[in-house]
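K.L.:
Please see the structure below; I have some questions.
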Amino acid sequence: VGWHVAGWAGLLVSSIAKFGPSSIVTLLVMGAWRRFKDRPWRRIVQAGLVPLTVGLVAASGILIAEASAPTWRLAAIVALATGLSMSKRLHPLWVLAGGALLGLLFA
1 VGWHVAGWAG
11 LLVSSIAKFG
21 PSSIVTLLVM
31 GAWRRFKDRP
41 WRRIVQAGLV
51 PLTVGLVAAS
61 GILIAEASAP
71 TWRLAAIVAL
81 ATGLSMSKRL
91 HPLWVLAGGA
101 LLGLLFA
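Mapping to this note's numbering: the sequence shown position 53 is 53, numbers consecutive.
Okay, structure coming up:
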């Protein structure tokens with residue numbers, strides 16, 4: 001939107017407004033995280049964040065899969081791509097390319 005409203009200046013302002021606050025919070029949290037690296041509670045918090053992160057990523061993946069697979073054929077392609085990603089050590093671009101090819105052929 002910034003680019004369309006005010007050109008380069010608008011692009012800069014909208015980018016700072018979008019990415020600035022989260023970047024500042026990240027810098028502050030990482031500084032505190034490093035400062036408390038030897039505290040016993042840090043390991044507990046970090047161990048708790050792992051399943052939280054996995055759950056958030058899985059929930060995001062489910063939302064994207066539901067939106068991108070309105071037919072059973074596309075749902076099967078999504079399931080196949082998910083299964084391959086989880087069971088094989090394939091580069092994600094190969095999985096995406098295969099899914100795109102199957103989508104073109106069968107959807």
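Note that CB positions come from ideal geometry on N, CA and C, so glycine has one too.
Sorted by chain position, which residues of the same chain lie with C-beta nearer than 8 Å to Leu96's C-beta, five sequence neighbours on each side aside?
P.N.:
Contacts found: Ala81.
K.L.:
Less than 8 Å between the CB atoms is what I'm expecting for Ile62 and Leu102, so what's the real figure, rounded?
P.N.:
About 20 Å; that fails the 8 Å criterion.
K.L.:
Could you say which of Ala6, Lys37, Phe106 lies nearest to Leu74 if we only look at CA atoms?
P.N.:
Among Ala6, Lys37, Phe106, the Cα nearest to that of Leu74 is on Phe106.
K.L.:
Tell whether a beta-carbon distance below 8 Å holds between Gly2 and Ser14.
P.N.:
In this structure, Ser14 lies closer than 8 Å to Gly2 by Cβ.
K.L.:
So, with DSSP's three-state summary, where would you put Pro70?
P.N.:
In the structure shown, Pro70 sits in coil (DSSP, three-state: anything other than H, G, I, E or B).
K.L.:
Out of Arg39, Met86, Gly20, Ala69, state which residue places its alpha-carbon closest to the alpha-carbon of Leu100.
P.N.:
Reading off the sequence shown, one finds Ala at residue 100, where the question assumed Leu. Closest option to Ala100, Cα to Cα, is Ala69.
K.L.:
Taking only the alpha-carbon atoms, compute the straight-line gap between His91 and Ala6 and give it to the nearest angstrom.
P.N.:
Between His91 and Ala6, the C-alpha separation is close to 40 Å.
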